[in-house]
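Heads up: the sequence lines are chains A and B, in that order.
Going letter by letter, the first sequence gives residues 1 to 152 in our numbering.
Going letter by letter, the second sequence gives residues 1 to 152 in our numbering.
A virtual CB, placed ideally from N, CA and C, is assigned to each residue, including glycine.
Predicted model only: the values in this text are computed from it and were never measured.
Worksheet for the structure shown next.
Number of protein chains: 2
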Amino acid sequence: MTETRFAPQTDKAETETGAILRPKFDADGLMPAIVTDADSGEVLMLGYMNEGALARTIEEGEAWYWSRSRQEYWKKGATSGQVQQVVEMRTDCDQDAILIKVRVAGNGATCHVGYRSCFYRTVELGKSASAETKLSITQERVYDPKEVYGKD
Amino acid sequence: MTETRFAPQTDKAETETGAILRPKFDADGLMPAIVTDADSGEVLMLGYMNEGALARTIEEGEAWYWSRSRQEYWKKGATSGQVQQVVEMRTDCDQDAILIKVRVAGNGATCHVGYRSCFYRTVELGKSASAETKLSITQERVYDPKEVYGKD
Chain A
1 MTETRFAPQT
11 DKAETETGAI
21 LRPKFDADGL
31 MPAIVTDADS
41 GEVLMLGYMN
51 EGALARTIEE
61 GEAWYWSRSR
71 QEYWKKGATS
81 GQVQQVVEMR
91 TDCDQDAILI
101 KVRVAGNGAT
111 CHVGYRSCFY
121 RTVELGKSAS
131 AETKLSITQE
141 RVYDPKEVYG
151 KD
Chain B
1 MTETRFAPQT
11 DKAETETGAI
21 LRPKFDADGL
31 MPAIVTDADS
41 GEVLMLGYMN
51 EGALARTIEE
61 GEAWYWSRSR
71 QEYWKKGATS
81 GQVQQVVEMR
91 TDCDQDAILI
101 KVRVAGNGAT
111 CHVGYRSCFY
121 RTVELGKSAS
131 AETKLSITQE
141 RVYDPKEVYG
151 KD
């Protein structure tokens with residue numbers, strides 16, 4: 001992995017309080033990207049960007065990711081129409097995570113399962129954490145992927 | 001790494017639409033956890049949980065993480081007072097990420113640099129992504145760590 005496009009991390013204070021982007025990618029060259037709805041603030045998904053995906057997102061203003069399963073660049077919405085227009089991008093103190101606030105095009109869903117957000121299920125709290133820990137679905141689907149794509 | 005506490009992932013549909021938590025940890029046994037303010041919705045930080053940290057968070061209702069730098073459990077707020085009371089926990093479609101909505105105790109800051117959120121800087125968009133890509137600080141510090149702890 002070569003990371004030559006962005007400035008490197010050298011000094012902790014510069015990374016934490018400086019005015020230059022110095023992204024730190026993990027051993028696989030990736031950085032988690034939190035995606036929220038720019039209007040409602042709802043967390044929509046967590047994706048991963050490599051250096052190229054981060055650069056494309058900054059330059060084009062639409063979200064690009066690196067697909068870990070397919071090992072290829074992934075322009076969100078290229079096939080589904082659920083393009084993410086980036087209204088704002090943020091990085092965190094140690095610059096190893098990205099937050100983007102987006103407006104979603106197409107049918108407004110983000111999740112391939114058909115929901116507005118990938119986080120459509122709550123986890124039951126306050127009981128023993130076990131193989132019985134329960135989830136509850138709290139959203140209505142925006143669309144049914146079976147009907148649109150003929151598959152799950 | 002052994003993951004014996006929670007139910008395993010077996011079938012894709014069960015993972016995506018089922019009613020049982022089946023967390024998928026990465027090769028290091030970790031899962032990213034997005035943390036938002038339960039009242040304002042603001043994204044506060046991104047932490048990492050291993051199986052034990054996730055279990056403690058579910059059972060105690062206060063956020064635990066695994067510190068990658070110190071390689072130890074980390075009860076958020078144990079030293080700073082910035083304890084995170086978990087109001088709601090969610091997982092995503094493939095159950096490899098967690099979202100917790102929290103109320104922050106103590107001085108209300110989350111970031112060790114002194115800000116309410118770790119995402120206190122915006123990234124300049126729409127220009128060439130380079131070693132000159134700019135950040136802008138958009139929050140006021142809640143406190144100055146130098147004054148509280150005598151160090152950065």
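Strand pairing of A33 of chain A, partner residues [DSSP]: Numbered from its first residue, the first sequence carries residue 33 of chain A at position 33. A33 of chain A is bridged to A:G47, A:I98.
Backbone secondary structure at L135 of chain A - three-state DSSP: Translated into the one-based positions of the first sequence, residue 135 of chain A becomes position 135. Strand, per DSSP.
C-beta neighbour in chain A for K134 of chain B, strict 8 Å: Here the question's residue 134 of chain B lines up with position 134 in the second sequence. So, interface residue.
Contact set for Q139 of chain B: own chain, Cβ-Cβ below 8 Å, skip 5 residues either direction: Position 139 of the second sequence holds residue 139 of chain B. Same-chain partners within the cutoff: Y115, R116, S117, Y120.
Burial state of I155 of chain A (16 or more Cβ within 10 Å): In the structure as shown, chain A starts at 1 and stops at 152, and residue 155 of chain A therefore has no counterpart that could be examined.
Interface residues of the stretch 85 to 111 of chain A facing chain B [CB-CB below 7 Å]: V86, E88, M89, R90, T91, D92, C93, A97, L99, C111
8 Å Cβ cutoff, S80 of chain B in contact with chain A: Locating residue 80 of chain B in the second sequence gives position 80, where the first residue counts as 1. So, not an interface residue.
CB contact below 8 Å: L125 of chain A versus chain B: Here residue 125 of chain A is taken as the residue at index 125 of the first sequence, counted from 1. For L125 of chain A, the answer is yes, since a Cβ of chain B falls inside 8 Å of its Cβ.
V86 of chain B beta carbon less than 8 Å from that of L125 of chain A: Indexing the first sequence from 1 puts residue 125 of chain A at position 125. Indexing the second sequence from 1 puts residue 86 of chain B at position 86. Yes. Within cutoff.
Y65 of chain A burial status per 10 Å Cβ neighbour count (16 or more: buried): Taking the first sequence and counting its residues from 1, the one referred to as residue 65 of chain A is at position 65. Buried, because 16 or more other Cβ atoms sit within 10 Å of the Cβ of Y65 of chain A.
Cβ neighbour criterion (16 or more within 10 Å) applied to Q71 of chain A: The sequence position of residue 71 of chain A within the first sequence is 71, counting from 1. Exposed is the call here.
Buried versus exposed, by CB contacts within 10 Å (16 or more), V148 of chain B: The residue labelled residue 148 of chain B in the question sits at position 148 within the second sequence. V148 of chain B comes out exposed.
P145 of chain B at chain A interface by Cβ criterion, 8 Å: Your numbering for residue 145 of chain B matches position 145 in the second sequence. Output row for P145 of chain B: interface = no.
Exposure label - A13 of chain A; buried when at least 16 CB within 10 Å: Here residue 13 of chain A is taken as the residue at index 13 of the first sequence, counted from 1. Counting Cβ neighbours within 10 Å, A13 of chain A comes out exposed, since fewer than 16 surround it.
Exposed unless 16 or more other CB atoms sit within 10 angstroms - verdict on I34 of chain B: As a working note, residue 34 of chain B is residue 34 in the second sequence. Under this definition I34 of chain B is a buried residue.
Where E72 of chain A falls: helix, strand or coil (DSSP): As a position in the first sequence, residue 72 of chain A is number 72, starting the count at 1. Strand, per DSSP.
Nearest candidate by alpha-carbon position, reference T57 of chain B, set B:K101, B:Q9, B:A27: Locating residue 57 of chain B in the second sequence gives position 57, counting from the first residue. Residue B:K101 is the option with its Cα nearest to T57 of chain B.
Q9 of chain B at chain A interface by Cβ criterion, 8 Å: Taking the second sequence and counting its residues from 1, one reaches residue 9 of chain B at position 9. Cβ-Cβ to chain A under 8 Å: no for Q9 of chain B.
Chain B contacts from the stretch 29 to 41 of chain A (Cβ-Cβ distance under 7 Å): P32, I34, T36, G41
Supposed close pair T122 of chain A, M89 of chain B - CB separation, criterion 8 Å: Your numbering for residue 122 of chain A matches position 122 in the first sequence. Your numbering for residue 89 of chain B matches position 89 in the second sequence. Between M89 of chain B and T122 of chain A the Cβ distance is about 7 Å, and since that is below 8 Å, they are a contact.
Per-residue contacts from M45 of chain A into chain B (C-beta, under 8 Å): Residue numbering aside, residue 45 of chain A sits at position 45 when the first sequence is read from its first letter. The contacting residues are D92.
Contact with chain B by E59 of chain A, beta-carbon distance below 8 Å: The residue labelled residue 59 of chain A in the question sits at position 59 within the first sequence. Judged by the 8 Å Cβ criterion, E59 of chain A is in contact with chain B.
Cutoff 8 Å: R5 of chain A Cβ touching any chain B Cβ: On the first sequence, position 5 is the one that residue 5 of chain A refers to. By this cut-off, R5 of chain A is an interface position.
Neighbourhood of I137 of chain B by C-beta distance below 8 Å, restricted to the same chain and skipping five residues each side: As a position in the second sequence, residue 137 of chain B is number 137, starting the count at 1. Contacts found: Y120, R121.
Same chain, Cβ closer than 8 Å to P8 of chain B, neighbours up to 5 away in sequence not counted: Taking the first residue of the second sequence as position 1, residue 8 of chain B is located at position 8. Taken in chain order, the residues that qualify are R22.
Buried or exposed by the 16-neighbour rule on C-beta atoms within 10 Å, applied to T79 of chain B: Within the second sequence, the letter at position 79 stands for residue 79 of chain B. It counts as exposed.
Same chain, Cβ closer than 8 Å to D39 of chain B, neighbours up to 5 away in sequence not counted: Your numbering for residue 39 of chain B matches position 39 in the second sequence. Excluding sequence neighbours, D39 of chain B sits near R103.
Proximity below 8 Å, CB of N107 of chain B to CB of Q82 of chain B: To locate residue 107 of chain B, count along the second sequence from 1; it is residue 107. To locate residue 82 of chain B, count along the second sequence from 1; it is residue 82. Yes. Within cutoff.
Chain A contact residues for G18 of chain B, given Cβ-Cβ distances below 8 Å: Mapped onto the second sequence, residue 18 of chain B falls at position 18. Neighbours of G18 of chain B on chain A, chain order: L135.
Interface partners of A53 of chain A on chain B, CB under 9 Å: As a working note, residue 53 of chain A is residue 53 in the first sequence. Within 9 Å Cβ-Cβ: nothing; A53 of chain A doesn't reach chain B, min ~10 Å.
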